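Student: In the order they appear, the protein sequences are chains W and A. 25 is the number of the first residue of the first sequence in our numbering; add one for each residue after it. 54 is the number of the first residue of the second sequence in our numbering; add one for each residue after it. We put the beta carbon where it would ideally sit given N, CA and C, even for glycine. Computed from a predicted structure; not experimentally measured. Got a structure for you, questions after.
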Amino acid sequence: MNHFPEAWGRPRDDIYGSYNPQFLPNSHAQQSGHPTTHTQSPIVTGTSVIAVKYKDGVVIAADNLASYGSLARFTDVHRLKPFNKKAVVGFGGDVSDMQYLDRLLNSLDVKENYSHGHDDAESDKALMSAKNLHTYLSKVMYKRRSDFNPLWNALLVCGLSEDGTPFLASVDLLGTTFSAPTLATGFGAHLAQPILRRVVPDEAASKALDKEAAVAAVKECMKVLFYRDARSMNEYSIAVVDKSGVDLKQKEKLEGQSWAFAEQIKGYGTQTV
Amino acid sequence: MASISSFAMPSEAPTYSFAAAQSASGQPRQHGFYPYTDNGGSTLGISGDSFTILAGDTRSTSGYNINTRYAPKLFKLGGSGPNHEGSKIVLSVVGFAADGNALQERLDTIVKMYKYQHGKDISVHACAQRLSHILYNKRFFPYYVHAILGGIDEEGKGALYSYDPVGSYEREQCRAAGAAASLIMPFLDNQVNLKNQYDPNSGPGLEKVQRVPKPLDRTTVEEIVRDAFTSAVERHIEVGDGLQMMIITKDGIEEVYTPLKQD
């Protein structure tokens with residue numbers, strides 16, 4: 025007997041030999057004998073995704089940068105992924121997990137197209153809506169967090185729900201879901217969300233907002249994010265989803281930047297004030 | 054998952070066949086993925102003679118951020134269709150919202166399956182016990198939520214059950230849960246169970262007579278709920294935006310939404 029209660033009643037190695045991990049199920053140890061490893065932190069990452077609902081659709085945007093820590097590693101990564109003509113998913117966080125989810129969604133889309141094979145308006149109605157897609161993704165994310173093997177992303181799902189009303193909702197690596205007239209992930213939650221909420225304080229305001237105003241608000245936010253988020257870039261993707269489908273532009277450049285304020289900033293770096 | 058021990062065995066002692074005791078101490082454990090978060094908010098339930106009221110604010114937070122101003126924490130269980138028509142039981146969950154939704158979904162399917170298999174609605178008593186079992190079954194990786202279940206019992210009286218995350222439960226007159234529970238619960242003790250209230254006509258000191266609580270009527274309870282939440286909003290940053298109330302009577306569930314301060 026010793027003073028370590030958690031060891032009491034356990035088989036001793038000097039009598040029984042050490043435990044043979046070969047008999048563990050695959051979820052605990054792979055055949056190599058090494059334990060299963062999970063993502064403990066994201067590696068190549070995308071920054072904020074922002075989106076706004078307006079009266080007949082949703083506007084969503086994310087820049088085209090994938091960072092490796094503080095290194096701006098890839099400058100042509102498209103983080104807005106359209107799904108079956110009706111929805112767009114915006115990905116923040118780990119890029120390899122985004123690519124996994126994108127493959128998952130593509131295979132889901134292929135399966136869907138096999139089951140309602142026709143490419144016409146009537147069978148389009150049977151396709152998954154943005155709301156269905158959000159539910160699906162939230163279950164995937166929650167399952168993975170429950171397995172302690174999270175997909176390190178924050179997603180915004182946007183499009184139309186079955187009744188044709190604009191739909192915008194979010195899922196993150198913990199499986200937490202929520203929906204609001206304006207949403208922003210990552211740094212955007214601090215910088216863009218307050219600006220977007222000034223334009224669209226509630227559902228009623230979003231029902232009164234037109235497409236041009238929504239796009240303008242989103243572009244303005246992308247500019248503010250580029251000014252202040254060190255992991256952002258001036259080239260971005262923007263998508264408008266409405267009943268006519270998805271209009272995705274992947275090579276937008278920020279317009280009307282004004283860096284005049286930068287001259288006023290003193291006290292950082294090598295300058296002696 | 055976190056190991057049970059992080060200290061090393063004395064060197065002369067035998068080793069044991071589980072990794073935790075074998076691993077060397079000294080190096081700090083790398084902080085990895087933590088599967089929980091707190092989404093703030095508060096809920097509250099009060100049962101009366103012929104009704105039960107459940108209420109919750111609709112704000113969802115992460116840290117100092119507001120995720121959304123409308124994320125309901127109250128869920129109707131059973132009933133038919135997407136709007137749960139004919140439902141007589143309400144579940145409120147506060148804590149980690151993803152677990153809350155998963156729990157609500159599981160209990161909802163159970164309540165529906167009960168109806169399909171037995172041809173009658175589940176009683177609140179049975180539903181309450183089933184909820185306890187669901188929580189207890191996951192006690193080694195709990196649903197990080199404080200649940201409150203409300204309904205009407207077999208005698209037609211208001212029934213209210215409250216739970217901890219691992220399934221301990223109790224039937225009560227009133228209960229506050231969530232971020233502002235410590236602010237609301239003492240108020241409820243005083244106003245519903247009349248704690249620290251004495252008959253003014255009774256004598257001084259030891260002759261003081263404690264007032265006896267009796268079931269409250271519906272309008273009084275609604276007032277108490279509203280007051281509890283407007284006060285909680287003033288003193289707790291994670292509470293606000295909207296108040297969702299569900300009033301369960303023998304005729305069904307009435308839902309009321311009133312705005313709260315958004316600051």
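1) Check each candidate in W:D253, W:A241, W:Y251 and name the one with the smallest Cα separation from W:I262.
2) Do W:T69 and W:S91 come within 8 Å of each other at the CB atom, strictly closer than that value?
3) Under a Cβ-count criterion, where at least 16 other Cβ atoms within 10 Å of its own Cβ denotes burial, should A:D110 be classed as buried or exposed?
4) Does A:F86 come within less than 8 Å of chain W when only Cβ atoms are used?
5) Identify whether A:G101 lies in helix, strand or coil by the three-state DSSP scheme.
6) Would you check if there are 3 or more beta carbon pairs closer than 8 Å linking the segment 136–149 of chain W to the segment 200–219 of chain W?
7) Whole angstroms are fine: how far does the CA of A:Q157 sit from the CA of W:T201?
8) Give a yes or no on whether the minimum CB-CB distance between W:F172 and chain A is below 8 Å.
9) Report the residue from W:K77, W:Q274, W:S185 whose alpha carbon sits nearest the alpha carbon of W:K231.
10) To the nearest angstrom, how far is the alpha carbon of W:G41 from that of W:A31?
11) Considering only the beta carbon of each residue, do A:I301 and A:I205 sit closer than 8 Å?
12) Relative to the C-alpha of W:A286, which candidate in W:E276, W:R252, W:M257 has its C-alpha closest?
13) Just reading off the alpha helix (DSSP H) that A:T273 is part of, what are its end residues?
14) Where A:L202 and A:S221 are concerned, what is the direct C-alpha to C-alpha distance, given to the nearest angstrom?
15) Quick one: grab the DSSP three-state call for W:D144.
16) Mind the definition here: the segment 179–196 of chain A touches the segment 277–291 of chain A only if three or more C-beta pairs lie below 8 Å; say whether that holds.
17) Exposed or buried, what is A:H317 when buried is set at 16 or more other beta-carbons lying within 10 Å of its beta-carbon?
18) Going by alpha carbons, who is nearest to W:D87 out of W:L179, W:P225, W:T71?
19) Express the C-alpha separation of W:Y43 and W:P35 in angstroms, rounding to a whole number.
20) Output the boundary residues of the beta strand (DSSP E) element that contains W:F107.
21) Straight-line CA distance for W:C245 to W:I74?
22) Which same chain residues, not among the five before or five after A:H137, have their C-beta less than 6 Å away from its C-beta?
23) The segment 155–179 of chain A: which residues have C-beta closer than 9 Å to a C-beta of chain W, in chain order?
24) Using a Cβ-Cβ distance cut-off of 8 Å, determine whether A:A74 contacts chain W.
25) In terms of alpha-carbon separation, which member of W:G188, W:S147, W:D196 lies closest to W:Y160?
26) Using only alpha-carbon positions, find the residue among A:V177, A:A151, A:P125, A:Q315 that is nearest to A:D294.
27) Kindly indicate if chain A contains any beta-carbon less than 8 Å away from that of W:G183.
28) So with CB distances below 7 Å, who are the chain A contacts of W:R169?
29) In chain order, which continuous runs of the beta strand (DSSP E) of length 3 or greater are located wholly inside the segment 106–136 of chain W?
30) Indicate the three-state DSSP secondary structure (helix, strand or coil) for W:I74 in the structure shown.
31) Would you kindly check if the distance between the Cβ of A:E207 and the Cβ of A:Y214 is under 8 Å?
32) Could you check where the beta strand (DSSP E) with A:T114 kicks off and where it finishes?
33) Using a Cβ-Cβ cut-off of less than 8 Å, list which residues of the segment 77–99 of chain W approach chain A; keep chain order.
34) Report the CB separation of A:A150 from A:A108 in whole angstroms; it is logged as a contact under 8 Å.
35) For the alpha helix (DSSP H) that contains W:S261, what are its first and last residues?
36) Is there a C-beta anywhere in chain W that falls below 8 Å from the one on A:A77?
Tutor: The short version:
1) Stepping through the first sequence from its first residue, residue 262 of chain W is reached at position 238. Per the Cα distances, W:A241.
2) Against the first sequence, residue 91 of chain W aligns to sequence position 67. Against the first sequence, residue 69 of chain W aligns to sequence position 45. For the pair W:S91 and W:T69, the CB atoms are nearer than the 8 Å cut-off.
3) Against the second sequence, residue 110 of chain A aligns to sequence position 57. It counts as buried.
4) Along the second sequence, one-based indexing puts residue 86 of chain A at 33. Yes, contact with chain W.
5) For this step, residue 101 of chain A is matched to residue 48 along the second sequence. In the three-state DSSP reduction, A:G101 falls in the coil class, being neither helix nor strand.
6) The answer is no - the segment 200–219 of chain W does not touch the segment 136–149 of chain W, with fewer than three Cβ pairs under 8 Å.
7) Counted from its first residue, the first sequence places residue 201 of chain W at position 177. Counted from its first residue, the second sequence places residue 157 of chain A at position 104. The alpha-carbon atoms of W:T201 and A:Q157 are separated by roughly 14 Å.
8) Numbered from its first residue, the first sequence carries residue 172 of chain W at position 148. Chain A has a Cβ within less than 8 Å of the Cβ of W:F172.
9) Your numbering for residue 231 of chain W matches position 207 in the first sequence. That would be W:K77, whose Cα lies nearest to the Cα of W:K231.
10) In the first sequence, the residue the question calls residue 41 of chain W occupies position 17. In the first sequence, the residue the question calls residue 31 of chain W occupies position 7. Whole-angstrom Cα-Cα distance: 15 Å.
11) As a first step, residue 301 of chain A must be located in the second sequence, where it is residue number 248. As a first step, residue 205 of chain A must be located in the second sequence, where it is residue number 152. Contact check for A:I301 against A:I205 passes: the beta carbons are separated by less than 8 Å.
12) Along the first sequence, read from residue 1 onward, the residue named residue 286 of chain W stands at position 262. With respect to the C-alpha of W:A286, the residue from W:E276, W:R252, W:M257 having the closest C-alpha is W:R252.
13) Position 220 of the second sequence, counted from the start, is the residue given in the question as residue 273 of chain A. Taken as a continuous stretch (DSSP letters only), the alpha helix (DSSP H) holding A:T273 covers 271–288.
14) Sequence index remark: in the second sequence, residue 202 of chain A carries index 149 (1-based). Sequence index remark: in the second sequence, residue 221 of chain A carries index 168 (1-based). The alpha-carbon atoms of A:L202 and A:S221 are separated by roughly 13 Å.
15) In the first sequence, residue 144 of chain W corresponds to position 120, counting from 1. When DSSP states are grouped into helix, strand and coil, W:D144 belongs to the coil group.
16) Fewer than three Cβ pairs drawn from the segment 179–196 of chain A and the segment 277–291 of chain A lie within less than 8 Å of each other, which leaves the two stretches out of contact.
17) What is shown of chain A runs 54 to 316, which leaves residue 317 of chain A out entirely.
18) For the purposes of this step, residue 87 of chain W is identified with residue 63 of the first sequence, where counting begins at 1. Checked all of W:L179, W:P225, W:T71; the closest Cα to W:D87 is W:T71.
19) Against the first sequence, residue 35 of chain W aligns to sequence position 11. Against the first sequence, residue 43 of chain W aligns to sequence position 19. Straight through space, the alpha carbons of W:Y43 and W:P35 are spaced by roughly 9 Å.
20) Taking the first residue of the first sequence as position 1, residue 107 of chain W is located at position 83. Residues 104–107.
21) The residue labelled residue 245 of chain W in the question sits at position 221 within the first sequence. The residue labelled residue 74 of chain W in the question sits at position 50 within the first sequence. Rounded to the nearest angstrom, the two C-alpha atoms are 8 Å apart.
22) Position 84 of the second sequence, counted from the start, is the residue given in the question as residue 137 of chain A. Leaving aside the five residues that flank A:H137 on each side, the residues in its chain whose CB is nearer than 6 Å to its CB run, in chain order, K129.
23) Listed by position, the residues of the segment 155–179 of chain A near chain W (Cβ gap below 9 Å) are A155.
24) As a first step, residue 74 of chain A must be located in the second sequence, where it is residue number 21. The predicted position of A:A74 is uncertain, since its pLDDT is 44 and thus under 50; a value taken from the coordinates is nonetheless stated next. Yes, A:A74 counts as interfacial toward chain W.
25) Numbered from its first residue, the first sequence carries residue 160 of chain W at position 136. Of W:G188, W:S147, W:D196, the residue nearest in Cα terms is W:D196.
26) Counted from its first residue, the second sequence places residue 294 of chain A at position 241. Here the closest residue by C-alpha is A:Q315.
27) The residue labelled residue 183 of chain W in the question sits at position 159 within the first sequence. So no, W:G183 is outside the interface.
28) The residue you call residue 169 of chain W lines up with position 145 of the first sequence. Under a criterion of Cβ atoms nearer than 7 Å, the residues of chain A adjacent to W:R169 are, in order, P88.
29) Along the length of the segment 106–136 of chain W, whole beta strand (DSSP E) runs at least 3 residues long occupy 111–118, reported in chain order.
30) For this step, residue 74 of chain W is matched to residue 50 along the first sequence. In this structure, W:I74 counts as strand in the three-state DSSP scheme.
31) Here residue 214 of chain A is taken as the residue at index 161 of the second sequence, counted from 1. Here residue 207 of chain A is taken as the residue at index 154 of the second sequence, counted from 1. At least 8 Å separates the beta-carbon of A:Y214 from that of A:E207.
32) Counting from one through the second sequence, the residue named residue 114 of chain A turns up at place 61. Residue range 113–115 is occupied by the beta strand (DSSP E) that includes A:T114.
33) Within the segment 77–99 of chain W, contact with chain A at the beta-carbon level (separation under 8 Å) is assigned to no residue.
34) In the second sequence, residue 150 of chain A corresponds to position 97, counting from 1. In the second sequence, residue 108 of chain A corresponds to position 55, counting from 1. Contact doesn't hold; Cβ gap of about 17 Å is too wide.
35) Taking the first sequence and counting its residues from 1, one reaches residue 261 of chain W at position 237. W:S261 -> not in any alpha helix (DSSP H); beta strand (DSSP E) instead, spanning 259–266.
36) For the purposes of this step, residue 77 of chain A is identified with residue 24 of the second sequence, where counting begins at 1. Residue confidence is low: A:A77 scores 45 on pLDDT, short of 50, so the model does not pin down where it sits. No coordinate-derived value is stated.
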